[in-house]
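With my numbering, the residue at position 210 of the sequence shown is 581, and numbering never jumps.
We put the CB at the ideal spot given by N, CA and C, even for glycine.
The structure under discussion appears below in the form of structure tokens.
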Amino acid sequence: MHATMRLAMVVAWLALALILHGSWRLVRAPSPWPRLFLGGVAWLFGARARVVGTPLRRDVVFLANHLSWMDILLLAGASGTAFVAKAELRAVPLIGWLCTLNRTIFVRRGDRMAVAGQVAQLRDALGQAWAVTIFPEGTTGDGATLLPFKASLLAALDPPPPGLRVQPVRIDYGAATRELAWVGDEPGQDHAMRVLRRRGTFRARMTFLDPFDPAGMDRKAIAAAARARIEAAGPRPNSIAGHRDP
Numbered sequence: 372m373h374a375t376m377r378l379a380m381v382v383a384w385l386a387l388a389l390i391l392h393g394s395w396r397l398v399r400a401p402s403p404w405p406r407l408f409l410g411g412v413a414w415l416f417g418a419r420a421r422v423v424g425t426p427l428r429r430d431v432v433f434l435a436n437h438l439s440w441m442d443i444l445l446l447a448g449a450s451g452t453a454f455v456a457k458a459e460l461r462a463v464p465l466i467g468w469l470c471t472l473n474r475t476i477f478v479r480r481g482d483r484m485a486v487a488g489q490v491a492q493l494r495d496a497l498g499q500a501w502a503v504t505i506f507p508e509g510t511t512g513d514g515a516t517l518l519p520f521k522a523s524l525l526a527a528l529d530p531p532p533p534g535l536r537v538q539p540v541r542i543d544y545g546a547a548t549r550e551l552a553w554v555g556d557e558p559g560q561d562h563a564m565r566v567l568r569r570r571g572t573f574r575a576r577m578t579f580l581d582p583f584d585p586a587g588m589d590r591k592a593i594a595a596a597a598r599a600r601i602e603a604a605g606p607r608p609n610s611i612a613g614h615r616d617p
């Protein structure tokens, strides 16, 4: 599919999804359209999602490895999850507004003085029984090696809200992983255009691993347990590469 056609289809899909989302909101019904829109955009970009395992729908924190901004589209489409994202994203025209429709929790990752407030913000969301995704690597990797997991936001789970579970998720794009992962110094706009211009489809596998109860674990233990399970579910690592969080 040509890039221009893809963009036109995304715009048309956005217009339709916003109309339908507004209709659901008018009758005060829970709207599925943010989830369906994001999953549909992933499909238009060529992703053919395969879900392995069963994602929990509420009272869950997903901890996932991070390859690209495409991860957000795929995970939202598969589970309806909200996300923790960098605060700067909120100011991006249209994208920031769309993030708010999906209940994104905006945090300033580099502001250590604001960590307590960010943890409180996340605890509030978890208290509403949302499904929330955190990318604990804090950046995107190459798909071959997991980067260290940062545990600061996981202080929101110490202690966890009653009934909450942590579910690790392994994401990979199969043979296209190295081609699609956002690594190195490539600007975000350039990466987006590269993905947009890519012809054909690719397999996007999301493996939802067994959830576990974080009660009695501190934030570092939670991060280590999730990382070990994600690493065990993937290929043997052989290199490390990273990029700033999209």
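Distance CB(residue i)-CB(residue j) smaller than 8 Å
| i | j | result |
| --- | --- | --- |
| ALA502 | ARG570 | no |
| ALA515 | TYR544 | no |
| TRP553 | THR511 | yes |
| HIS437 | GLU508 | yes |
| ALA384 | GLY411 | For clarity, residue 384 is Trp in the given sequence; the question names Ala instead. It is a contact, given that the beta carbons lie within the stated cut-off. |
| GLY467 | ARG406 | no |
Whole-number beta carbon distance between residue j and residue i, since they are thought to touch under 8 Å
| i | j | result |
| --- | --- | --- |
| LEU525 | ALA594 | 6 Å |
| VAL381 | LEU415 | 6 Å |
| ASP529 | ASP589 | 6 Å |
Three-state class that DSSP yields for residue i in the structure shown
| i | result |
| --- | --- |
| ALA563 | helix |
| GLN538 | strand |
| VAL364 | Nothing in the structure corresponds to residue 364, since the chain is present only between 372 and 617. |
| ASP581 | coil |
| LYS591 | helix |
| ALA418 | strand |
| PHE408 | helix |
Environment of residue i [buried if 16+ CB atoms lie within 10 Å]
| i | result |
| --- | --- |
| LEU387 | exposed |
| ASP442 | buried |
| ARG600 | buried |
| PRO519 | exposed |
| PRO585 | buried |
| LEU373 | It should be pointed out that residue 373 corresponds to His in this sequence rather than to Leu. By the 10 Å Cβ count, HIS373 comes out exposed. |
| GLN489 | buried |
Cβ-based neighbour list, residue i, same chain, cut-off 7 Å, excluding 5 preceding and 5 following
| i | result |
| --- | --- |
| GLY417 | ARG569, GLY571, THR572, PHE573 |
| ASP430 | ALA500, GLY534, LEU535, ARG536 |
Same chain only: Cβ atoms within 6 Å of residue i, ignoring 5 sequence neighbours per side
| i | result |
| --- | --- |
| VAL423 | THR578 |
Residues near residue i by beta carbon distance below 8 Å, same chain, minus five either side
| i | result |
| --- | --- |
| LEU580 | GLY424, GLN538, PRO539, VAL540, ARG541, ARG600, ILE601, ALA604 |
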